[in-house]
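One structure is given here, and the rest of the page talks about it.
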Amino acid sequence: MNSRCIKISTTITIILLIVIILSCISTSTRFVLSKPSWLKPGFYIEYTLRDASASELVIRVTREELIKAGIIYEYKIGNETLYSNVPIEKVREFIEHKYNMTLEEYLKKRRGTSLVLHINGTEELIKVKRAIKEGKLPIWTTNNTAKHYHYYSKRKYLIHNATYSWNCTGFREGLALFEVRFSGYVTGRPLYPPATYHIDRRFKVLVDPSTRKVYTLDGKYIGITPIWVEPENLRFKNRVLVVALHKNKAYGVAWDQTLVITSIGNFKAYKVIKV
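Every letter in the sequence shown is one number past the one before it in our numbering, and letter 201, counting from 1, is 214.
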C-alpha cells in the first residue's frame, strides 16, 4: 500500500451507521465471534464518489506551529499584527509596489484586522515539507482548539465517478481480513495534457475489530479505518476519532441523529462534522 496520504474530499456529509442489517449475507456464513458483532465474512460497504478530488499530499498545521518552525513570521507594527512567510523588507516592497502606499498606511487602512500575507506559496510548501521531514512539523496537527489552521495539499487527480469499497473475506487470528478496492474514472496526472482514464486498484489489509486499527498482511501498522465508530462514543457534540494514517489522526464531532434510507433497510445514524 502506498504510504503517501490520499485524501478524498466530497460534498456529501459523512454519515456513520450504528445499526447495520446483514440480511444480504448468506445464512451459511461461518459464525465468528467479533466486536462489533455484525462484522462477519461477507460484510461489504461501498462508497460512491462523484465530482471529488484526491490529493497525494495533505497537511494541516496551526499558525503557531508554523511560527515556531520559522516558516511564518509574526510582526508587530504599532497596534497591528502582520503574519507573512517572507522577511519584513519583502513585505514592504510588495505593499508599495501593489498598493502604492507604505506598509504602515496599508495597516492603518485595515485597522482592527490581522493581516496575513503569503508570497511565493511554492517556496513555502517546500519549507513545510522540509520541516516535516526534519520532525519540526506534524503532517496533520492533533491540536483541535487553535483559532487558525493552515492547509497544504497537492492534488493528484479529479474523481468523476468511482466506488471505494471494503469487503470482509474472513478472519486471521482474530483480525478481520478485508479486500479494499478503488475503481473509477479520473482526470489528472501522470498524463499531460490531463485526460480521463480508468483506475482499478485492490489490496488486502487486516483490521482489529476491537480497535479499528489497520495492518498490512505482514503486520505493519497503517492507521485506523473510518468504516465505523464505536457506538458508545457517538454522543451529541462528543469528539470522536474518525480516521488515522500512521501517526496522523483526524477527529470529528458527533452531531444530531438521523435516519438513513437505503436499499437494504433504514438505519439510525449520527452525522459527524468538522472532520
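We put the beta carbon where it would ideally sit given N, CA and C, even for glycine. Being a predicted model, the structure only gives us computed values, none of them experimental.
Notebook entry, point to check: Cα separation between Ile108 and Tyr119?
Noted result: As a working note, residue 108 is residue 95 in the sequence shown. As a working note, residue 119 is residue 106 in the sequence shown. Rounded to whole angstroms, Ile108 to Tyr119 spans 8 Å at the Cα level.
Next item on the list: Can you grab the Cα-Cα spacing for the pair Arg252 / Glu106, in whole Å?
Entry: Numbered from its first residue, the sequence shown carries residue 252 at position 239. Numbered from its first residue, the sequence shown carries residue 106 at position 93. Arg252 and Glu106: Cα-Cα distance of roughly 45 Å.
Notebook entry, point to check: Run through DSSP, which three-state label would Lys284 get?
Noted result: Within the sequence shown, the letter at position 271 stands for residue 284. It is a strand residue.
Next item on the list: Give a yes or no on contact between the region 222-235 and the region 78-96, applying the rule of three or more CB pairs nearer than 8 Å.
Entry: no
Checklist line | Residue burial classification, Leu272 (beta-carbon count within 10 angstroms, cutoff 16) | finding: Mapped onto the sequence shown, residue 272 falls at position 259. By the 10 Å Cβ count, Leu272 comes out exposed.
Note to self: In this structure, how does DSSP classify Ala144 when only helix, strand and coil are distinguished?
What the structure shows: Taking the first residue of the sequence shown as 1, we reach residue 144 at position 131. The answer is helix: DSSP assigns Ala144 an H, G or I state.
Check: Hey, would you say the C-beta of Ala159 is under 7 Å away from at least one heavy atom of the ligand GDP?
Finding: You won't find the ligand GDP in this model; it holds no ligand whatsoever.
Next item on the list: Starting from the Cα of Ser178, find the closest Cα among Gly201, Tyr162, Arg215 and Gly83 and give me that residue.
Entry: In the sequence shown, the residue the question calls residue 178 occupies position 165. When only C-alpha atoms are compared, the closest one is Arg215.
Notebook entry, point to check: Run through DSSP, which three-state label would Ser36 get?
Noted result: Position 23 of the sequence shown, counted from the first residue, corresponds to residue 36. Residue confidence is low: Ser36 scores 30 on pLDDT, short of 50, so the model does not pin down where it sits. Its coordinate-derived value is still stated next. Coil, per DSSP.
Margin query: Counting C-beta neighbours from all protein chains within 10 Å, is the total for Leu46 16 or more, i.e. buried, or is it exposed?
Written below: Your numbering for residue 46 matches position 33 in the sequence shown. Here the model assigns Leu46 a pLDDT of 40, short of 50, so the residue's position is not dependable and the matter cannot be decided.
Margin query: So the candidates are Ala82, His161 and Gly201; which of them puts its Cα closest to the Cα of Lys146?
Written below: Within the sequence shown, residue 146 is the residue found at index 133, counting from 1. For Lys146, the nearest C-alpha among the options comes from Ala82.
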